[in-house]
Amino acid sequence: MRAAWAITSTTVKQLLGVRRMIVFGLAELAPAGVFLLMTQTLAEEAALDRLLGMVAALYFPLLVPIVTLIVAASALGDERRDGTLSFLVLRPIPRSVVALSKSAGAVIVAAGLNALGALALSAVYAVETGSWSMVVPLVVGGVVASVVYAALFVPLGFFTDRAVLAGLAFVFIFENSVVSALSGLSSLSPWRIGLSAFAGLAPGEVATELADFGAASLSGSGAALFRTVLIAAISVGATTMVLRRRDLA
Amino acid sequence: MTERGVVFDLGYVPYEGERRARRGAIATTYRDGIYRVFGIRRRARKKILPWMLVVLALLPAVVFVGFAFLLSTFSPEADSPFGGHGEYFSITGGIVLLFVALAGPELLIPDRREGVLAIYSSRPLKPDDYIGARAASLLTVVAGFMLIPQVLMYIGFAALSSDGFFSALVDNADEIPKILVTTVVYAVAIAPLVLLISTIASRKAAATGIYLGVLIVGTGLAAALVEATTLPGSRYAALLAVGEHADFVRDWIFGLAVSSDRVMANAGFDPWVSLGVIAAIAVASSIFVVWRYRRLM
Amino acid sequence: MTANPALVESPTVELDDASKWFGQKVAVSNVTCSFGPGVTGLLGPNGAGKTTMLRMLTGLIRPSQGSVRVLGVWPRTSPSVYADVGLVPEEAAVYPSLTAREYVRYAATLSGIADVAEATDRAIDTVGLGGPADRKLAGYSKGMRQRAKVAAALVSDPQILLLDEPLNGTDPVQRLHLINLFQRLGAEGRTLIVSSHILDEVDRMSDRVIAIVDGRLAAAGDVAAIREAMTDIPYRVRIESDTGRVLAARLLEEALVHGVSVDDRILLVETSDLAALGRRVPAVAREVDARITSFQPEDASLESVFRYLVRR
């Protein structure tokens with residue numbers, strides 16, 4: 005347990021340098037800043053429309069994947085490329101603990117940053133409408149999407165230093181083009197899983213209204229959480245297998 | 008030979024050839040930059056992605072020319088499924104963005120991370136020479152990406168024209184300055200920003216992600232601000248649509264109809280404003296990059 | 002002592018017909034040897050396969066053929082054995098954002114040490130990094146990083162220590178300190194395998210050497226025994242005498258002398274039995290009334306042995 009915590013906390017420290025915090029922090033707060041400016045001239049009832057527009061067109065499909073991708077691809081990949089992986093694996097701890105702790109570190113950083121963005125967006129909405137009902141759903145949705153993306157990109161980052169580009173191709177070509185055309189594949193789209201979690205927890209007919217923004221076939225928060233846990237478990241298992249079987253030097 | 012020591016001739020022969028000094032060092036750094044981004048003289052794995060993007064950039068032009076050849080009757084612009092030269096820049100523009108997102112970090116970050124800047128400094132190479140050579144490599148690559156398919160199409164159109172090859176070359180000669188100017192615009196719009204980000208970021212993956220993020224998310228935010236607010240001055244947010252200034256200028260040069268989702272047009276700006284933004288970003292980026300490397304080397 | 006000098010009694014680390022290839026390149030080829038308590042030098046030219054061997058021993062890479070055992074198991078399948086194994090890798094891979102103290106503490110925590118703070122302080126003091134221990138590793142010189150890596154390997158008090166070029170970048174004082182440390186650890190009964198190019202220092206700290214050339218086991222045992230085993234390469238002995246030519250002429254009559262070259266006062270004598278020559282030369286010198294001022298084997302050192310092994 006102590007070892008797992010040590011790996012996780014060191015990973016968080018490595019992934020969150022001062023420069024990254026500033027850049028990612030600004031990126032996460034930017035949509036809220038834009039939304040704030042928008043609300044200055046909007047009627048209250050239009051605020052929900054605009055919030056959902058920001059969420060479905062910017063936050064989930066662009067911001068969450070890009071931030072998580074950069075963070076998660078570094079978590080294990082940089083250890084391998086910098087030659088410090090032997091420091092971790094030549095310890096009397098199971099490889100599964102290394103895989104889980106590294107993934108947890110990536111999730112904490114990515115989810116933390118994306119939660120900041122979600123919090124900022126929903127806080128602006130709350131200030132404008134007096135309703136704080138979007139805070140928890142949006143933060144949960146952002147965290148869920150972060151977990152799924154991290155689960156995919158931590159092992160990808162281990163295998164290639166082009167993980168960011170491969171991930172962006174996945175996001176823009178597969179998720180934002182192919183899945184948009186073939187809605188039956190939406191359960192394979194991490195940001196739509198996050199959006200489902202948000203829609204399922206949000207009050208009112210958010211899920212229906214999100215369909216106007218092209219986010220169709222949302223499955224509900226329960227299904228989203230189940231898929232998240234499943235994908236994360238498979239990812240940790242696969243990463244463990246790789247650490248056990250592959251030559252690591 | 009002295010009383011206390013002697014040196015034996017073991018066959019060492021000092022280099023007596025030409026010493027190319029500073030110009031040679033600059034040329035070598037420039038050439039190394041091009042080799043590096045294409046993975047030349049590196050493992051096969053390093054070549055896959057860049058050459059795949061080259062093929063993607065050329066393929067539509069080759070397909071179109073081949074398609075027109077098979078049809079036997081040919082009338083350029085009107086029959087082109089890809090539109091003309093102007094529209095083709097959209098295809099190559101997207102691909103070159105991906106290439107530059109990989110190439111920019113590859114040119115600058117490994118030398119810093121691996122601590123070899125000192126080796127460059129120990130040669131007759133000033134910091135400005137080094138960064139100038141790297142920038143020149145990137146600009147050459149971008150220009151090549153944009154120009155080569157255009158040349159292919161231009162010559163292909165002319166070769167298949169019913170008016171005869173040389174007549175078609177002359178008749179369509181007015182496209183040449185447009186192609187050249189648009190190429191320069193894209194190169195200046197794309198390259199300096201990625202070099203700026205690669206100067207700040209310490210990891211290639213982060214630089215790639217941040218660059219594409221700035222282009223994509225920045226443009227999205229600018230569009231949101233312009234289209235959804237009526238606050239005084241909100242139109243100036245369109246200047247943040249970094250990803251579309253080159254396209255807007257291209258539309259202007261080729262006289263193409265402006266797309267309805269063109270943020271700058273929606274904000275009421277003229278294309279020369281985009282040109283100004285491109286120039287300003289290029290100048291500001293260049294100043295910062297040169298300043299940073301003068302401190303590092 | 003076993004019959005095969007490449008094997009030891011009561012081994013803690015064993016390779017049994019171990020090979021490793023990467024595509025067409027064979028890095029280690031059919032190596033059978035073992036290591037026990039004490040310091041063993043692992044020698045070989047660049048690219049000989051020493052680092053590959055160490056990586057197999059730690060379980061970082063899998064042997065393509067044969068087996069590797071550390072304390073009776075292959076570490077990859079039994080991570081618990083890592084509590085007794087420390088590695089100081091050749092590459093300068095540390096975490097630049099951590100201080101040396103944080104780095105060693107991290108190693109201690111991952112190794113399951115109960116009193117992490119005490120173990121950290123002890124390891125840092127052992128390698129002499131007490132003063133700069135709270136500076137970030139990014140600002141360390143190569144030698145200081147090396148000491149930080151040694152501290153991280155020692156913090157868990159391992160029974161087996163694998164050191165790949167541990168003296169790289171260290172200054173002479175640090176080097177002497179580390180050599181004394183390794184000798185002490187070896188004397189305590191731990192198994193140390195030291196891969197190094199600094200031959201005279203390996204000579205000083207090792208009880209035994211394993212030489213690898215082109216991925217194959219080239220020699221094993223103590224240096225003098227390996228040299229003696231090179232019966233196809235006679236010893237060259239440098240003798241200084243006031244009557245060089247007279248002594249040379251008399252030595253040529255001895256059966257154990259293969260050849261003599263003489264330059265006034267300096268003789269270079271070739272023999273296949275160094276010890277016997279050492280006993281015979283004084284008697285011969287008395288016969289011809291020659292005074293011997295120096296008797297020095299020129300190629301019995303580890304460096305000479307290494308050179309001969311590489312040339313074969």
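Protein chains in written order, with the working numbering: chain A, 5 to 253; chain B, 8 to 304; chain C, 2 to 313.
All C-beta atoms in this analysis are idealised placements derived from N, C-alpha and C, irrespective of residue type, glycine included.
Predicted model, so just to flag it, every value in this text is computed and none were measured.
Measuring straight from C-alpha to C-alpha, what distance separates residue i and residue j?
i	j	result
Met2(C)	Val9(C)	For Met2(C), the predicted model reports a pLDDT of 46, less than 50, meaning its position is unreliable; a value from the coordinates is still stated below. Approximately 6 angstroms, taken between the alpha carbons.
Arg95(A)	Ser142(C)	26 angstroms
Leu162(C)	Ser100(A)	25 angstroms
Thr9(B)	Lys137(C)	Reliability fails at Thr9(B), whose pLDDT of 45 lies under 50, so the model's placement of it is uncertain and the value that follows must be treated cautiously. Between Thr9(B) and Lys137(C), the C-alpha separation is close to 51 angstroms.
Arg269(B)	Ile62(C)	55 angstroms
Ile11(A)	Met5(A)	10 angstroms
Ala237(A)	Gly87(C)	31 angstroms
Glu15(C)	Val69(C)	6 angstroms
Arg166(A)	Arg52(B)	11 angstroms
Ala119(A)	Pro184(B)	50 angstroms
Val284(B)	Thr36(B)	30 angstroms
Ala108(C)	Val156(C)	7 angstroms
Thr272(C)	Pro235(C)	5 angstroms
Ala196(B)	Leu164(C)	52 angstroms
Val89(C)	Val214(C)	22 angstroms
Assuming contact is defined by CB atoms lying nearer than 8 angstroms, are residue i and residue j in contact in what I supplied?
i	j	result
Gly121(A)	Leu247(A)	no
Phe307(C)	Ala212(C)	yes
Val240(A)	Ser107(A)	yes
Val29(C)	Ala19(C)	yes
Ala76(A)	Phe157(A)	yes
Leu60(B)	Leu114(B)	no
Val101(B)	Tyr193(B)	Inspection of the sequence shows that residue 101(B) is occupied by Gly rather than by Val. No, they are not a contact pair.
Pro141(A)	Ala242(A)	no
Ile223(B)	Leu66(A)	yes
Ala214(B)	Phe152(B)	no
Ser205(B)	Pro112(B)	yes
Ser207(C)	Val40(C)	yes
Ser293(B)	Pro199(B)	yes
Ile112(A)	Leu111(C)	no
Glu103(C)	Thr52(C)	no
Glu304(C)	Asp223(C)	no
At which residues does the beta strand (DSSP E) containing residue i begin and terminate?
i	result
Trp75(C)	Premise fails: Trp75(C) is in no beta strand (DSSP E) and is neither H nor E.
Arg239(C)	Tyr236 to Ser242
Ile267(C)	Ile267 to Thr272
Ser262(C)	Val258 to Asp264
Leu163(C)	Ile161 to Asp165
Gly87(C)	Val86 to Val89
Looking at the secondary structure, which residues open and close the alpha helix (DSSP H) in which residue i lies?
i	result
Arg299(B)	Pro278 to Leu303
Ile4(B)	There is simply no residue 4(B) to check, as chain B begins at 8 and stops at 304 in what is shown.
Lys150(C)	Lys143 to Leu155
Ser1(C)	Residue 1(C) falls outside the range modelled here, since chain C spans only 2 to 313, and no answer is possible.
Thr192(C)	Looking at the DSSP string, Thr192(C) is not in any alpha helix (DSSP H); the run it does join, the beta strand (DSSP E), is Thr192 to Ser196.
Trp195(A)	Pro194 to Leu205
Val177(B)	Phe172 to Asp178
Val131(A)	Arg99 to Thr133
Thr72(A)	Val68 to Ala79
Val240(A)	Ser225 to Arg249
Ala61(A)	Looking at the DSSP string, Ala61(A) is not in any alpha helix (DSSP H), and its letter there is neither H nor E.
Pro35(A)	Val22 to Thr43
Thr1(C)	Look at the range of chain C in this structure, 2 to 313, and you will see that residue 1(C) is not part of it.
Nearer than 7 angstroms: is that true of the beta carbon of residue i relative to any heavy atom of the ligand COA?
i	result
Ala287(B)	The ligand COA is not part of this structure, which contains no ligands at all.
*Of all the residues that make up the segment 82 to 106 of chain A, which are near chain C by a beta-carbon distance shorter than 8 angstroms?*
Asp86, Gly87, Thr88, Ser90, Phe91, Leu92, Val93, Leu94, Arg95, Pro96, Ile97, Pro98 and Arg99
*asked:* Along the segment 55 to 77 of chain C, where does the CB come closer than 9 angstroms to a CB of chain A? Name the residues.
replied: Arg56, Thr59, Gly60, Leu61, Ile62, Arg63, Pro76 and Arg77
*Specify whether the segment 151 to 168 of chain A and the segment 184 to 197 of chain A touch according to this definition: at least 3 beta carbon pairs, one from each stretch, less than 8 angstroms apart.*
yes
_Near-chain B residues of the segment 137 to 158 of chain A (beta-carbon distance less than 9 angstroms), N- to C-terminal order_ = none
*Is the segment 293 to 300 of chain C touching the segment 229 to 246 of chain C, taking contact as three or more C-beta pairs under 8 angstroms?*
yes
*Assess, as a yes-or-no matter, whether the segment 169 to 187 of chain A is touched by the segment 63 to 78 of chain B under the definition of 3 or more beta carbon pairs within less than 8 angstroms.*
The segment 63 to 78 of chain B and the segment 169 to 187 of chain A do not touch, with fewer than 3 CB-CB distances between them shorter than 8 angstroms.
*Quick one, which residues of the segment 6 to 23 of chain A are near chain C if we go by CB-CB under 9 angstroms, in chain order?*
Arg6, Ala7, Trp9, Ala10, Ile11, Thr14, Lys17, Gln18 and Gly21
*asked:* Under 8 angstroms, CB to CB, which of the residues in the segment 175 to 201 of chain C have a partner in chain A?
replied: none
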